[in-house]
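K.L.:
For the sequence shown, the residue numbers in the numbering used here are 5 to 181.
Okay, here's the structure, questions in a sec.
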Amino acid sequence: MKIIRVIALDPVLRLEFHPDSALVLQGRPLFMPEEGEGWQAQICLAVKISRLGKNISEKFAPRYYDGISFAMRLTLPSAPELASVIAGMDSGIVHGQWLDAAKASAPMAVTAGGAEIRLAPQAAAIDRAISMISRYTTLKIGDMILLPAADTMVPLEAPGRFGFTVDGVEILSQKLV
5 MKIIRVIALD PVLRLEFHPD SALVLQGRPL FMPEEGEGWQ AQICLAVKIS
55 RLGKNISEKF APRYYDGISF AMRLTLPSAP ELASVIAGMD SGIVHGQWLD
105 AAKASAPMAV TAGGAEIRLA PQAAAIDRAI SMISRYTTLK IGDMILLPAA
155 DTMVPLEAPG RFGFTVDGVE ILSQKLV
């Protein structure tokens, strides 16, 4: 399983690969790193790949994912020089329960850490990302693609809880230790 974070689609495809160990398993607490101050959560739209594919055409991309969710990725904006180290950090990404991919075009109200974000995920952007990424790497069942969902960064403080609600329904509640 790969976790592929899309940094940019235009003008050039920019990706960041995270190890599968970066994903915190459901029900496990997220242990906040002791190093550094000002840890924040970056909100991302998560897409779950459901079929094996390489060089996928944009028009066929909807066949290759069956679920979307929202994820949060730990980041430390005060130390940009550590960005590549943080990308490889274990237990730095948490995602909520998977929603039906049909929601990929429906506008949603996402509340994360007290901040409300209005999102209308673009199915076309998901399809384009899958097509572009599959030119360079084979997408496998279970791979996760993280797309930028919002520029909103949410401060994290441990101990405590962090969670997402989508249209008033909680899809993630994460304990921060």
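Every residue, glycine too, gets a C-beta built ideally from N, C-alpha and C.
Treat the numbers as computed from the prediction; the structure is a model and nothing was measured.
So what's A12 in DSSP terms, helix, strand or just coil?
P.N.:
Walking along the sequence shown from the start, residue 12 turns up at place 8. Of the three classes helix, strand and coil, the one that applies to A12 here is strand, per DSSP.
K.L.:
Which of the three DSSP states, helix, strand or coil, is assigned to K5?
P.N.:
As a working note, residue 5 is residue 1 in the sequence shown. One point to set straight first is that residue 5 is Met, not Lys, in the sequence displayed. DSSP places M5 in coil when its eight states are reduced to three.
K.L.:
Quick check: what's the CA-CA separation for Q30 versus P23?
P.N.:
Within the sequence shown, numbered from 1, the residue matching residue 30 stands at position 26. Within the sequence shown, numbered from 1, the residue matching residue 23 stands at position 19. The straight-line gap from Cα to Cα measures roughly 17 Å.
K.L.:
Report the start-end ranges of each beta strand (DSSP E) in the region 28-59 that is 3 residues or longer and not cut off at the edges.
P.N.:
For the region 28-59, whole beta strand (DSSP E) runs of length 3 or above, ordered along the chain, are 44-53.
K.L.:
Spatial neighbours of E41 within its chain, please: CB distance less than 8 Å, with the 5 preceding and 5 following residues excluded, ordered by chain position.
P.N.:
As a first step, residue 41 is located in the sequence shown; it is residue number 37 there, counting from the start. S82.
K.L.:
Verify whether the separation of the beta carbon atoms of V98 and M112 is less than 8 Å.
P.N.:
Residue mapping note: residue 98 aligns to position 94 of the sequence shown, counting from 1. Residue mapping note: residue 112 aligns to position 108 of the sequence shown, counting from 1. In this structure, M112 does not lie closer than 8 Å to V98 by Cβ.
K.L.:
Given A129, which residues of its chain have a CB within under 8 Å of its CB, disregarding the five upstream and five downstream residues?
P.N.:
Start at 1 with the first residue of the sequence shown, and residue 129 comes out as number 125. Excluding sequence neighbours, A129 sits near L13 and L151.
K.L.:
Compute the Euclidean distance between the alpha carbons of G164 and A116, then round it to the nearest angstrom.
P.N.:
One-based indexing of the sequence shown puts residue 164 at position 160. One-based indexing of the sequence shown puts residue 116 at position 112. So the two alpha carbons sit approximately 14 Å from each other.
K.L.:
Measuring only the C-alpha atoms, how far is L160 from W43?
P.N.:
As a working note, residue 160 is residue 156 in the sequence shown. As a working note, residue 43 is residue 39 in the sequence shown. So the two alpha carbons sit approximately 6 Å from each other.
K.L.:
Rounding to the nearest angstrom, what Cα-Cα distance links K144 and I7 in this structure?
P.N.:
Against the sequence shown, residue 144 aligns to sequence position 140. Against the sequence shown, residue 7 aligns to sequence position 3. Going from the Cα of K144 to the Cα of I7 covers about 11 Å.
K.L.:
Comparing alpha-carbon positions, which option in M136, I60, L80 and F21 lies nearest P15?
P.N.:
On the sequence shown, residue 15 is found 11 positions in, with the first residue counted as 1. Of the listed residues, the one whose Cα sits closest to P15 is M136.
K.L.:
Only counting the same chain, and skipping five residues up and downstream in sequence, which positions put a Cβ closer than 7 Å to that of L17?
P.N.:
Counting from one through the sequence shown, the residue named residue 17 turns up at place 13. Taken in chain order, the residues that qualify are M136.
K.L.:
Taking C-beta to C-beta, are K58 and T169 nearer than 8 Å?
P.N.:
Within the sequence shown, residue 58 is the residue found at index 54, counting from 1. Within the sequence shown, residue 169 is the residue found at index 165, counting from 1. No.
K.L.:
Quick check: I47 and F74, are their CB atoms within less than 8 Å of each other?
P.N.:
In the sequence shown, counting from the first residue as 1, residue 47 sits at position 43. In the sequence shown, counting from the first residue as 1, residue 74 sits at position 70. Closer than 8 Å, so yes.
K.L.:
I'd like the list of long-range same chain contacts for Y68, defined as Cβ closer than 7 Å, with 5 residues on each side in sequence excluded.
P.N.:
Stepping through the sequence shown from its first residue, residue 68 is reached at position 64. Taken in chain order, the residues that qualify are I53, S54, R55, G57, I60, I134 and L143.
K.L.:
R18 lies in the alpha helix (DSSP H); which residues open and close that run?
P.N.:
Position 14 of the sequence shown, counted from the start, is the residue given in the question as residue 18. Per DSSP, R18 belongs to no alpha helix (DSSP H); it is in the beta strand (DSSP E), R18 to H22.
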